[in-house]
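Notes follow once the structure below has been shown.
Chains as they are written, first to last, in the numbering used here: chain A, 233 to 342; chain B, 27 to 138.
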């Protein structure tokens, strides 16, 4: 069965500190993994996807198939990073469903 | 810019009423999705559609149905609303073969 687990409901760090939001998944096959972000009063939007292997707003995420993890990291948190973050998983078929984790609220303290 | 529009931002309905939530996208996307968003539970997939008139159950389809008569429109129907369906409902769409979902602003439904 497909499953996405985000163990932390809330993560609070000081500005300038490193950030790591955890995401673990279960999927039989080769999934696509994503991180979505929802800033206050804005729509959910894509932050990054594992296949692009890029850094967006200083965030990176590496797919670790051995540990079935896709943790989101940023070396130096900024106040504007405060938001709700969701990890998501999709199969590779065009008819695949896309499922989300329960989300982690990131709060950056000044 | 992709636009996903949900017709109602806020609705208040009574238990037992039939509720229609409408979603329209303007970028010719093949795939459309309905989620509900609840604190502590994240986004849970209700139904999705990968083509006109095609629909697939998500993880929590009970109490819901959907309609996709035209490519741009995906409707979520609550045949008989119940209080446990009080939630934020999010519609999303994506182009076939790509991974990025584009979301609407959400419809907050309260069932009394």
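The C-beta atom is built at its ideal place from N, Cα and C for all residues, glycine as well. The model shown is predicted, which means the values in this text are computed figures rather than measured ones.
Check your understanding: What three-state label does DSSP hand residue 31 (chain B) in the structure shown?
Key -> DSSP places residue 31 (chain B) in strand when its eight states are reduced to three.
Point to revise | Interface residues of chain B facing residue 281 (chain A) [CB-CB closer than 8 angstroms] | key: For residue 281 (chain A), the residues of chain B that pass the 8 angstroms Cβ criterion are 125 and 126, in the order they occur in the chain.
**Study point:** Below-7 angstroms beta-carbon distance, residue 131 (chain B) vs any chain A residue
**Key:** True, the Cβ-Cβ gap to chain A drops below 7 angstroms.
Check your understanding: Is the Cβ of residue 287 (chain A) closer than 7 angstroms to any Cβ of chain B?
Key -> Residue 287 (chain A) does not count as touching chain B.
Exercise for review: Would you identify the three-state DSSP class for residue 109 (chain B), choosing helix, strand or coil?
Suggested key: It is helical.
**Study point:** Same chain only: Cβ atoms within 8 angstroms of residue 124 (chain B), ignoring 5 sequence neighbours per side
**Key:** Closer than 8 angstroms at Cβ, skipping near neighbours: no residue.
Check your understanding: Is residue 82 (chain B) helix, strand or coil when you go by DSSP?
Key -> For residue 82 (chain B), the secondary structure class from DSSP, reduced to helix, strand or coil, is strand.
Practice item. Indicate the three-state DSSP secondary structure (helix, strand or coil) for residue 54 (chain B) in the structure shown. Key: Residue 54 (chain B) carries a coil assignment under DSSP once its states are collapsed to helix, strand and coil.
Practice item. Entirely within the stretch 292-328 of chain A and at least 3 residues each: give me those beta strand (DSSP E) ranges in chain order. Key: Runs of the beta strand (DSSP E) lying entirely within the stretch 292-328 of chain A and spanning at least 3 residues, in chain order: 304-306 and 315-322.
Review point. Excluding the five sequence neighbours on either side, which residues of its own chain have a C-beta within less than 8 angstroms of the C-beta of residue 341 (chain A), listed in chain order?
Key: The answer, listed in chain order, is 244, 245, 246 and 247.
Point to revise | Contact residues within the stretch 312-329 of chain A, judged by C-beta distance below 7 angstroms to chain B | key: Cβ contacts with chain B: 318, 322, 326, 327 and 329.
**Study point:** Sequence-distant residues of its chain with Cβ nearer than 6 angstroms to residue 39 (chain B) (five each side left out)
**Key:** The answer, listed in chain order, is 45, 107 and 137.
Point to revise | Simplified DSSP state of residue 340 (chain A), which is helix, strand or coil | key: Residue 340 (chain A) carries a strand assignment under DSSP once its states are collapsed to helix, strand and coil.
Point to revise | Interface partners of residue 339 (chain A) on chain B, CB under 7 angstroms | key: At a beta-carbon threshold of 7 angstroms, none of the residues of chain B lie near residue 339 (chain A); the nearest stands roughly 15 angstroms away.
Check your understanding: Under 7 angstroms, do residue 71 (chain B) and residue 89 (chain B) count as touching if we go by C-beta distance?
Key -> For residue 71 (chain B) and residue 89 (chain B), no; Cβs fall outside 7 angstroms.
Practice item. Take residue 34 (chain B) as the anchor and find which of B:41, B:43, B:48 and B:42 has the nearest alpha-carbon. Key: Taking each of B:41, B:43, B:48 and B:42 in turn and checking the Cα distance to residue 34 (chain B), the smallest one comes out for B:48.
Practice item. Identify, in the order they occur along the chain, each residue of the same chain with its Cβ nearer than 8 angstroms to the Cβ of residue 329 (chain A), setting aside the five sequence neighbours on each side. Key: Once the five neighbours on either side are set aside, the close Cβ partners of residue 329 (chain A) are 234, 322 and 323.
Check your understanding: Taking the C-alpha atoms as reference points, what is the distance between residue 295 (chain A) and residue 262 (chain A)?
Key -> If I take the Cα positions, the gap works out to 11 angstroms.
Practice item. Compile a chain-ordered list of the residues in the stretch 47-81 of chain B whose CB is closer than 7 angstroms to at least one CB of chain A. Key: Within the stretch 47-81 of chain B, the residues whose Cβ lies closer than 7 angstroms to any Cβ of chain A are, in chain order, 59, 66, 67, 68, 69, 71, 74 and 76.
Exercise for review: Determine the DSSP secondary structure at residue 136 (chain B), reduced to helix, strand or coil.
Suggested key: In the three-state reduction of the DSSP assignment, residue 136 (chain B) falls in the strand class.
Exercise for review: Please compile the residues from chain A whose C-beta is within a distance smaller than 8 angstroms of the C-beta of residue 122 (chain B).
Suggested key: Within chain A, the residues near residue 122 (chain B) are 326.
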